[in-house]
Amino acid sequence: MSPRTRALPLIIVGSALLSACGSPPQPQPTSPTYATASAAPVPLDPSLLPPVTLPGTPTTPATTFPAYPTTYPTLAPTTLPTVPTTTAPTEKSPTPTPSHAPKCTTGPTAAEILALVKKQEGMGSLPLVVREGPLCASGWSFATLEDSSADEDPLMVVATGAGATLALVAAGSDVCISRVETSAPPGIRVLACGY
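Printed below as a string of structure tokens:
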């Protein structure tokens, strides 16, 4: 079969399909026709239209601006209520902290404090040095020692008397014992106890 013969049935089928559809659609009118022989034209003269007033707009044109006040009322100053001041509760006495005892002038000396501490059991072999003091008040003394070979907390020493009467009251990292609290003068107590 030749290529022309093969295309012939396709042409016949295509034309049969196109002829079965009918005529193509016609364009629709874009706007209806309103003009009739009896209708009269409407006049567009603006003077014939009624006046239109929108709500909230003035009916007469504004040619002046409203006057604003140039003086303002003076307000009376308000006074706030006063709140009484209160002091926070304290655990310690509200009395001022006493001043520290001064450096000893008549004794004991630093060497006497070291000798007194080294007499205690287990303390003789330690390389102790006096870091602060001795500080004295009313027959009492306070000193701070440290071990020069170790990085440890300082050793505090509270003693009474001087020379041959030098006696150890307390030694250690906390020397605020009841005897120091009740009997030591304020300058020594504040060093040992903090108050």
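According to mature numbering (1 follows the signal peptide of the UniProt record, and there is no 0), the residues represented by the sequence shown are -20 to -1, 1 to 175, in order. Virtual Cβ for every residue (Gly too), placed ideally from N, Cα, C. Values in this document were obtained by computation on a predicted structure and should not be read as measured data.
In this structure, Ala139 keeps its C-beta atom at 8 Å or more from the C-beta atom of Leu94. Separation of Val155 and Glu112 (C-alpha to C-alpha, rounded to the nearest whole angstrom) is 15 Å. Leu171 places its beta carbon less than 8 Å from that of Leu115.
By alpha-carbon distance to Val137, the top candidate from Thr145, Gly143, Leu125 is Leu125.
As the crow flies, the alpha-carbon of Glu161 is around 7 Å from that of Cys173. Contact check for Pro88 against Ser121 passes: the beta carbons are separated by less than 8 Å. Going by DSSP, Val63 is part of no alpha helix (DSSP H) at all; its letter is neither H nor E. The residues Pro88, Gly119, Ala147, in chain order, have a CB closer than 8 Å to that of Gly141 in the same chain once the five nearest residues on each side in sequence are set aside.
Taking C-beta atoms as the reference points, Pro166 and Pro78 count as a pair closer than 8 Å.
Pairing Pro107 with Asp127 gives a Cβ-Cβ distance under 8 Å.
Taking a 10 Å sphere around the C-beta of Glu92, we find 16 or more other C-beta atoms and assign the residue as buried. Annotated three-state conformation of Cys84 is coil, per DSSP. In the DSSP assignment, Ser121 falls within the unbroken beta strand (DSSP E) covering 120 to 127.
Taking the Cα of Lys98 as reference, the smallest distance to any Cα among Gly152, Ala81, Ile168 is reached at Gly152.
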